[in-house]
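Chains as they are written, first to last, in the numbering used here: chain A, 3 to 119; chain B, 753 to 866. Even for Gly, the Cβ is constructed at its ideal location relative to N, Cα and C. Note that this is a predicted model, so its numbers are computed, not measured.
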Amino acid sequence: SAVISQKPSRDICQRGTSLTIQCQVDSQVTMMFWYRQQPGQSLTLIATANQGSEATYESGFVIDKFPISRPNLTFSTLTVSNMSPEDSSIYLCSVELGQGFGNTEAFFGQGTRLTVV
Amino acid sequence: SQQGEEDPQALSIQEGENATMNCSYKTSINNLQWYRQNSGRGLVHLILIRSNEREKHSGRLRVTLDTSKKSSSLLITASRAADTASYFCATVRMGTGTASKLTFGTGTRLQVTL
């Protein structure tokens, strides 16, 4: 199994500012995933982060808005830039052990509940 | 949209009763997974069923998969108050290459009352 520490657990931010969310895993993983969960909604994948390469973003998400770092095999950050109230969501990081082919369970951090005012 | 649909959106039952949640999806899949989320926190994996499997059990959980109908169901037997949570199905598409992507359903909010 994998234990994921995600912080901050929650934050209230002013519009126009940026917030960086950290995700630390207790084992080395090839890929890390960042999701957004808008209030009362399901999870939507923002991007996949591989160590040593640029993150791969899903349709509707861009690097300028959600820059991601992946400096090593156990750590990643997601920044929500130039925030607006529409960015108020829960942001979750996730990993799969092994090669990440979707053949095993995914492990999730406890999420960061972001409120933009 | 590739997102799956779940029904019901919300389900309220009494402790001891069984809870059944259904998930439908749109594409051919490699596997389907069920997750639980408590109060907007992180998700916890419950069970994974592969596309060549039809039924799987884990404790009080029973999952079925019908690939011809592109649907799955999650049954929780003898429910407890601690089962109160949101439940999501998630699919992994066939041929996703090197990056597996979980596509989540809309979720079912289960409330188990004493």
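Residues sharing a beta bridge with residue i, DSSP
i      : result
A:R12  : A:R115
B:I799 : B:W786
A:Y59  : A:A49
B:K808 : B:V815
A:V82  : A:L21
A:V27  : A:I6
A:E88  : Paired residue(s): none; A:E88 is not in a bridge.
A:L99  : None, per the DSSP bridge assignment.
B:S823 : B:S776, B:D818
Closest by C-alpha distance to residue i, when choosing among the options
i      : options                        : result
B:H797 : A:V5, A:T79, A:G62             : A:V5
A:L45  : B:A842, B:L862, B:I765         : B:A842
B:R832 : B:R812, B:F856, B:K822, B:V864 : B:V864
A:V31  : A:A108, A:V119, A:V82, A:S83   : A:A108
A:R17  : A:I48, A:P87, A:S3             : A:P87
A:S96  : B:S825, B:L795, B:N770, B:R812 : B:L795
B:V815 : B:T858, B:S838, B:G756, B:Y787 : B:Y787
A:I65  : A:S20, A:T81, A:F77            : A:T81
B:S810 : B:I799, B:N790, B:D818         : B:I799
A:I14  : A:L99, A:E98, A:D89, A:L94     : A:D89
A:F63  : A:S55, A:T22, A:T50, A:G42     : A:T50
B:R793 : B:G857, B:I801, B:S820, B:Y839 : B:Y839
A:S23  : A:M34, A:P10, A:T58            : Here residue 23 of chain A turns out to be Ile, not Ser, going by the sequence shown. Ranking A:M34, A:P10, A:T58 by Cα distance to A:I23 puts A:P10 first.
A:M34  : A:L116, A:S78, A:R12           : A:S78
A:L47  : A:Q8, A:G54, A:Q39             : A:Q39
B:Q776 : B:N790, B:S820, B:K808, B:L862 : At residue 776 of chain B the sequence reads Ser, which differs from the Gln that was named. Per the Cα distances, B:S820.
B:I781 : B:T836, B:K808, B:S825, B:N804 : B:N804
B:R861 : B:T855, B:V844, B:S825, B:S791 : B:S791
A:S20  : A:L94, A:K67, A:R72            : A:K67
A:D3   : A:L116, A:R72, A:E98           : Note that residue 3 of chain A is Ser in the sequence shown, not Asp. The shortest Cα separation from A:S3 among A:L116, A:R72, A:E98 belongs to A:E98.
B:A771 : B:L827, B:T836, B:R806         : B:L827
B:T858 : A:S61, A:S83, A:G42            : A:G42
A:N74  : A:N84, A:L94, A:E56            : A:E56
B:K822 : B:N783, B:L866, B:Q766         : B:N783
A:N84  : A:R12, A:S61, A:V119           : A:V119
For residue i, the first and last residue of its enclosing beta strand (DSSP E)
i      : result
A:L75  : Note, A:L75: premise wrong, no beta strand (DSSP E); not H, not E.
A:F68  : Premise fails: A:F68 is in no beta strand (DSSP E) and is neither H nor E.
B:T865 : 860 to 865
B:S764 : 762 to 766
A:Q39  : 33 to 39
B:L774 : The sequence shown places Asn at residue 774 of chain B, rather than the Leu named in the question. B:N774 -> beta strand (DSSP E) spans 771 to 776.
B:I845 : Before going further, note that residue 845 of chain B is Arg rather than Ile in the sequence given. Start and end: 837 to 845.
B:A830 : Neither: B:A830 is in no beta strand (DSSP E) and is coded neither H nor E.
A:A108 : 108 to 110
B:T855 : 854 to 856
Inter-residue CB distance, residue i and residue j (contact presumed, cutoff 8 Å)
i      : j      : result
A:T76  : A:V27  : 5 Å
A:I70  : A:W36  : 7 Å
B:G768 : B:A830 : 6 Å
B:I801 : B:L817 : 5 Å
B:E758 : B:M773 : 6 Å
A:Q8   : A:C25  : 5 Å
Per-residue contacts from residue i into chain E (C-beta, under 8 Å)
i      : result
B:R793 : In summary, chain E is missing from the structure at hand, where the protein chains are A and B.
Legend entry - Cβ contact check for the stretch 108 to 117 of chain A and the stretch 758 to 773 of chain B: 3 or more pairs under 8 Å: Touching, no, given that fewer than three Cβ pairs across the two stretches are closer than 8 Å.
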